[in-house]
Ligand SMILES: Cc1ncc(C[n+]2csc(CCOP(=O)(O)OP(=O)(O)O)c2C)c(N)n1
Ligand SMILES: [Mg+2]
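Protein chains in written order, with my numbering: chain R, 7 to 194; chain P, 87 to 654.
As structure tokens, then:
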């Protein structure tokens with residue numbers, strides 16, 4: 007059977023766990039380039055497990071293409087595991103920073119939304135909002151009329167709604183495998 | 087047996103190669119790899135170094151060696167241009183799943199990133215055409231990195247590994263503590279067979295009326311040729327082979343149909359629509375096999391036995407995927423299926439192939455008039471070697487003809503660039519193929535265009551006395567491109583006409599035996615002369631200039647529209 011021609015693009019959150027080695031970001035992004043897929047957002051840092059890095063990647067693509075790319079990513083030797091989620095499977099947030107002109111309406115917005123103020127100077131104020139991408143975008147629109155000098159967002163980070171990180175299962179499985187192989191070789 | 091003795095990194099690398107059982111390396115020296123070569127001088131009693139004439143040749147030779155021997159092919163080159171010259175071969179090995187390790191020199195750590203002389207970011211450059219790549223920055227890393235390199239290259243779905251070996255690491259002193267590896271936590275070389283998947287596949291096979299097996303190189307890589315035969319005999323399923331799957335099944339197997347794909351056999355293509363089940367065995371539905379993918383397997387369910395999860399559902403959706411190494415999954419599947427015969431279906435397929443025989447093959451193999459045809463040369467050579475030589479090809483019409491008409495009796499008998507279609511692959515690959523299996527005869531079919539791409543390797547033959555028989559099917563054209571120009575570009579032969587060197591002089595310059603055949607009646611004697619000759623031989627055959635490879639599925643067409651004839 008030929009692959010269905012499902013051309014409808016949707017948002018997906020891909021989490022990738024890797025060894026902490028140089029060049030892995032390049033390996034991952036080049037696979038997206040190879041498939042001609044734009045990365046909407048990408049964040050990376052050490053995961054909860056020492057020595058293991060976590061990448062959170064948001065793309066808007068067809069499910070088939072996402073599956074294909076993720077398998078290619080996972081195939082790289084130094085990648086431990088990659089998971090694909092739909093937005094409703096994860097709790098996802100990003101941080102946005104806004105550098106805005108001082109204006110009484112801005113101050114009102116800060117109070118109304120209980121935003122954090124990071125810095126105030128004579129002619130601008132830096133505020134922080136944490137939330138979903140839609141929310142940080144909305145605030146940007148609201149601030150626009152008063153002059154936004156700079157605006158930056160962190161890209162999304164996510165935790166899964168299932169209780170444990172799925173990576174743990176994989177690592178446990180691989181540990182058992184390692185022990186088995188070690189026993190086999192010491193018995194020989 | 088790790089000696090407590092200090093050695094240079096260069097020597098440690100050689101020790102590693104020796105302990106990995108590497109007996110031959112293909113290389114080319116230069117500044118960035120000189121400390122290694124200095125140590126190699128002391129290792130020539132244990133490791134044979136073949137000095138190729140270009141680094142591209144080093145990689146293709148290593149590929150040829152790997153393909154016939156089933157072992158990891160190794161090449162060693164210098165930094166910068168030496169390294170970049172290996173890229174084509176790495177990409178070729180990546181697409182064709184060939185286990186090789188390329189060790190390239192690199193500038194010293196202190197100069198990394200400074201645009202030093204012959205510095206190139208080779209880890210970055212080779213990443214996308216290798217299964218794994220790593221830089222050795224210090225001699226102390228050699229043991230660990232190389233154990234990984236060999237394990238990754240040969241395990242699971244094999245592939246190329248490139249190792250960037252800094253010059254300081256070659257010079258530093260180290261006490262080698264080498265231990266081969268069989269575990270990397272991020273790497274599952276071969277998924278464990280899942281009985282549920284096997285049962286589901288067996289269920290589909292048992293209920294199929296018109297099944298067809300598609301034999302890929304996965305069978306060869308797993309060494310599962312015997313398991314394949316047992317599966318076919320019990321299931322009664324007819325089988326075709328991909329270009330790289332050739333020789334995993336003997337050409338005279340009663341259930342064998344022929345090659346799959348664009349220039350494959352008629353039956354496998356034309357009857358694809360009638361199939362109700364395709365059983366893919368270690369193959370990846372390359373577009374040269376499926377042709378227009380939206381017209382492929384329209385009425386068939388698909389069972390896909392495959393070691394690489396990324397191949398499942400990549401092109402063709404699998405109704406019953408079976409992950410794992412074919413050497414394990416295929417016997418389990420054979421056990422789970424019922425004994426069947428598909429005589430009627432088999433006859434239907436054989437009839438289609440008979441039509442191809444009448445309209446195409448007879449004229450290609452046994453022409454009685456006109457110029458010599460490529461097919462009859464291939465037939466004559468195959469026959470002269472009792473259908474048991476190793477076939478190596480370059481790329482082009484001669485490749486498509488040779489893979490169509492050469493016959494195979496034993497496994498690992500075909501070395502060709504399938505995925506990348508690299509012209510210039512043939513000659514160096516043939517050198518490696520022969521060294522990988524010295525007791526077998528190696529016959530290379532090459533075109534006049536492709537031969538000129540790596541022709542300098544004739545001098546490697548002169549220096550190392552490798553016995554390869556080279557059959558040059560000379561049409562004085564970039565024939566394959568010319569065929570497309572004739573068929574699909576209105577006969578406009580844009581830059582495909584070749585003026586060739588005098589190949590006799592080229593052969594003589596390299597002290598290689600040579601004969602040229604222009605007439606049909608001289609062919610048999612010339613082939614006999616080649617076979618009887620000691621050492622390498624170049625047999626040039628002037629073939630019909632505008633011969634076309636048929637049958638053919640036109641680009642964009644479905645397999646069902648394969649054409650047997652083309653009116654000039
Ligand atoms: C490196 C490379 N360049 C270009 C091509 C495109 N190409 C495919 S077949 C072919 C013609 C080959 O001519 P020749 O070697 O004489 O073989 P023939 O087809 O005549 O048998 C060309 C140019 C290729 N496959 N590889
Ligand atoms: Mg030619």
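C-beta: ideal position from N, C-alpha, C; glycine also.
Nearest-angstrom Cα separation, counted from residue j out to residue i
i	j	result
residue 655 of chain P	residue 217 of chain P	This structure cannot settle anything about residue 655 of chain P, because the visible part of chain P is limited to 87 through 654.
residue 100 of chain P	residue 136 of chain P	15 angstroms
residue 135 of chain R	residue 121 of chain R	6 angstroms
residue 575 of chain P	residue 98 of chain R	54 angstroms
residue 629 of chain P	residue 604 of chain P	7 angstroms
residue 62 of chain R	residue 183 of chain R	28 angstroms
residue 98 of chain P	residue 134 of chain P	17 angstroms
residue 266 of chain P	residue 251 of chain P	19 angstroms
residue 125 of chain R	residue 157 of chain R	14 angstroms
residue 126 of chain P	residue 180 of chain P	28 angstroms
residue 71 of chain P	residue 297 of chain P	Because chain P spans 87 through 654 in this model, residue 71 of chain P falls outside it and cannot be assessed.
residue 109 of chain R	residue 161 of chain R	28 angstroms
residue 655 of chain P	residue 341 of chain P	The question about residue 655 of chain P has no answer here: the residues shown for chain P are numbered 87 through 654.
residue 150 of chain P	residue 424 of chain P	39 angstroms
residue 170 of chain P	residue 206 of chain P	8 angstroms
residue 435 of chain P	residue 447 of chain P	16 angstroms
residue 656 of chain P	residue 95 of chain P	Limits of chain P in this structure are 87 at one end and 654 at the other, which puts residue 656 of chain P out of reach.
residue 500 of chain P	residue 95 of chain R	49 angstroms
residue 513 of chain P	residue 412 of chain P	31 angstroms
residue 547 of chain P	residue 174 of chain P	22 angstroms
residue 164 of chain R	residue 121 of chain P	49 angstroms
residue 196 of chain R	residue 82 of chain R	Residue 196 of chain R lies beyond the residue range present for chain R, which begins at 7 and ends at 194; the question has no answer from this structure.
residue 321 of chain P	residue 361 of chain P	15 angstroms
residue 247 of chain P	residue 237 of chain P	10 angstroms
residue 369 of chain P	residue 375 of chain P	10 angstroms
residue 111 of chain R	residue 117 of chain R	10 angstroms
residue 74 of chain P	residue 427 of chain P	Any question about residue 74 of chain P goes unanswered here, given that chain P covers just 87 to 654.
residue 184 of chain P	residue 147 of chain R	55 angstroms
residue 168 of chain P	residue 118 of chain P	9 angstroms
residue 402 of chain P	residue 371 of chain P	7 angstroms
residue 614 of chain P	residue 468 of chain P	12 angstroms
residue 19 of chain R	residue 269 of chain P	30 angstroms
residue 429 of chain P	residue 438 of chain P	14 angstroms
residue 557 of chain P	residue 625 of chain P	5 angstroms
8 angstroms Cβ cutoff, residue i in contact with chain B
i	result
residue 73 of chain R	Any reference to chain B falls outside this structure, whose protein chains are R and P.
Between the stretch 188 to 198 of chain P and the stretch 150 to 168 of chain P, do three or more beta carbon pairs fall short of 8 angstroms?
yes
Select from the stretch 265 to 296 of chain P all residues with a C-beta closer than 9 angstroms to any C-beta belonging to chain R, and list them in chain order.
268, 269, 270, 271, 272, 273, 274
Where are the beta strand (DSSP E) runs, 3 residues long or more, that stay fully inside the stretch 550 to 579 of chain P, in chain order?
555 to 560
For the stretch 383 to 395 of chain P against the stretch 409 to 421 of chain P, are there 3 or more C-beta pairs whose distance is under 8 angstroms?
yes
Can you give me, in chain order, the residues of the stretch 78 to 98 of chain R that have a beta carbon less than 7 angstroms from any beta carbon in chain P?
78, 81, 83, 84, 85, 86
Can you list, in chain order, the residues of the stretch 13 to 34 of chain R whose Cβ is nearer than 9 angstroms to any Cβ on chain P?
23, 24, 25, 27, 28, 29, 32, 33
If contact is defined by three or more beta carbon pairs under 8 angstroms, each pair taking one atom from either stretch, is the stretch 476 to 494 of chain P in contact with the stretch 558 to 573 of chain P?
yes
Can you check the stretch 200 to 244 of chain P for any alpha helix (DSSP H) of at least 4 residues that lies completely inside it and give the ranges in chain order?
208 to 212, 228 to 240
Does the stretch 291 to 299 of chain P come close enough to the stretch 246 to 262 of chain P to have 3 or more Cβ pairs within less than 8 angstroms?
no
Segments of 3+ residues assigned as beta strand (DSSP E) that fall wholly inside the stretch 130 to 183 of chain P:
134 to 137, 159 to 163
Where are the beta strand (DSSP E) runs, 3 residues long or more, that stay fully inside the stretch 160 to 187 of chain R, in chain order?
163 to 166
Extract the residue ranges of the beta strand (DSSP E) inside the stretch 24 to 54 of chain R, only unbroken runs of 3 or more that lie entirely within it.
45 to 52
What are the start and end residues of each continuous beta strand (DSSP E) run of 3 or more residues lying completely inside the stretch 578 to 614 of chain P, in chain order?
599 to 603
Return the chain-ordered ranges of every beta strand (DSSP E) run that is complete within the stretch 369 to 434 of chain P and spans a minimum of 3 residues.
387 to 392, 406 to 409
Decide if the stretch 312 to 331 of chain P is in contact with the stretch 342 to 362 of chain P; the criterion is three or more beta carbon pairs, one per stretch, under 8 angstroms apart.
yes
Please name the residues in the stretch 132 to 166 of chain R whose beta-carbon is closer than 8 angstroms to at least one beta-carbon of chain P, in chain order.
none
Can at least three beta-carbon pairs, one atom from the stretch 138 to 158 of chain P and one from the stretch 213 to 231 of chain P, be found at a separation below 8 angstroms?
no
Taking three-plus beta-carbon pairs below 8 angstroms as touching, is the stretch 39 to 51 of chain R in contact with the stretch 231 to 238 of chain P?
no
By the 9 angstroms beta-carbon criterion, what residues does the stretch 204 to 228 of chain P contribute toward chain R?
209, 210, 213, 214, 217, 218, 219, 220, 221
Closer than 9 angstroms between beta carbons: that is the criterion. Which residues of the stretch 391 to 409 of chain P meet it against chain R?
394, 395, 396, 397, 398, 399, 400, 401, 402, 403, 404, 405
Residues of the stretch 234 to 246 of chain P in Cβ contact with chain R at a cutoff of 7 angstroms, in chain order, please.
238
Whether or not the stretch 280 to 288 of chain P and the stretch 306 to 317 of chain P are in contact is what I'm after, with contact meaning three or more pairs of Cβ atoms, one per stretch, closer than 8 angstroms; do they touch?
no
Within the chosen definition, does the stretch 73 to 89 of chain R reach the stretch 100 to 107 of chain R through at least 3 CB pairs nearer than 8 angstroms?
no
Using a beta-carbon distance cut-off of less than 8 angstroms, what residues from the stretch 34 to 57 of chain R approach chain P?
36, 40
Quick one: complete alpha helix (DSSP H) runs, 4+ long, within the stretch 449 to 517 of chain P?
460 to 470, 483 to 491
Complete beta strand (DSSP E) runs within the stretch 80 to 161 of chain R (minimum length 3 residues, chain order):
85 to 91, 96 to 107, 122 to 126, 130 to 137, 154 to 159
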